[in-house]
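Mapping of the sequence shown onto full-length UniProt numbering: residues 1 to 208, in sequence order.
For every residue, glycine included, the Cβ atom is placed at its ideal position computed from N, Cα and C.
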Amino acid sequence: MNTHTSQPVLPITPAQGRPLHRGDTLYYAGDAAPSLYRLENGLLRAVRLTSQGRNLTVRHIRPGDIFGEEALHGLPRSHQIIALTDAVLTPLHLEHLSAPELWEVTRSLSDQLQRVMTDGVHIQDGELRERIARYLLNLASSSLGGAHADGKRYVRATHELIAEGTGATRESVSKLIGEMRDDGLLTPAYRCLTLSNEAGLRAESGLF
């Protein structure tokens, strides 16, 4: 049973689309699916609740991605969608889509399927320390990433977010991030992790 409080409907403007603030939920699992969406900027994540009652990030949605594919089948939403950064998105109503736009939908969903299959390695393959390194390198190239004046990259992420993206507990992630700090791989700060030794992280990740 869906017990959440309904989110207010935000205005849609042709120039800016629909805004979504960091931490906001666009929709919940079980909600009706009247439309697709295209993310114009920002970063979203799709979250599923595990049988242990933990949130698990199953997909990241990046600028240009079209999502909400439940609308294609007349099914309720299968995941909760949460904004990891401030974002702007555009609703896409099926009855208004032209043939070229439907092709764009197909191509976007295909691209995301390939990415989800690759990203699944972050959760399923290797020891947790390896998965954390891999996940941080992935996030560094997203809207959560940035670079300091000295060129070192960083990721704006909490230990909880990393745990939900790697299929682990926050306590396990915090312990390993402390070890990776001591090994000179990361420099933690409040809600931010600097990739102090990116070459070392790539070696840890097992993919490079």
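Where residue i sits in the DSSP three-state scheme
i    : result
A189 : strand
E40  : strand
A29  : coil
P63  : coil
R77  : coil
A83  : strand
G167 : coil
CB contact below 7 Å: residue i versus chain C
i   : result
A46 : No chain C is part of this structure, which consists of one protein chain only.
heavy atom of the ligand NAP below 6 Å from residue i C-beta
i   : result
E95 : The ligand NAP is absent from the structure shown, which contains no ligand whatsoever.
Identified DSSP bridge partners for residue i
i    : result
G145 : V155
N197 : According to DSSP, N197 bridges with nothing at all.
V105 : In DSSP, V105 forms no bridge with anything.
N55  : L49
L89  : R18 and L39
Buried versus exposed call for residue i [16 or more other C-beta atoms within 10 Å across all chains shown]
i    : result
L89  : buried
R191 : exposed
R156 : buried
H159 : buried
V47  : buried
S110 : exposed
Residue i vs residue j beta-carbon contact at 7 Å
i    : j    : result
R170 : A163 : yes
L39  : S143 : no
G68  : L102 : no
R45  : I82  : yes
H21  : D86  : yes
L137 : G145 : no
Task: Three or more C-beta pairs below 8 Å linking the region 66–77 and the region 127–142 - done: With a cut-off of 8 Å, the region 127–142 and the region 66–77 do not count as touching, because too few Cβ pairs lie within range.
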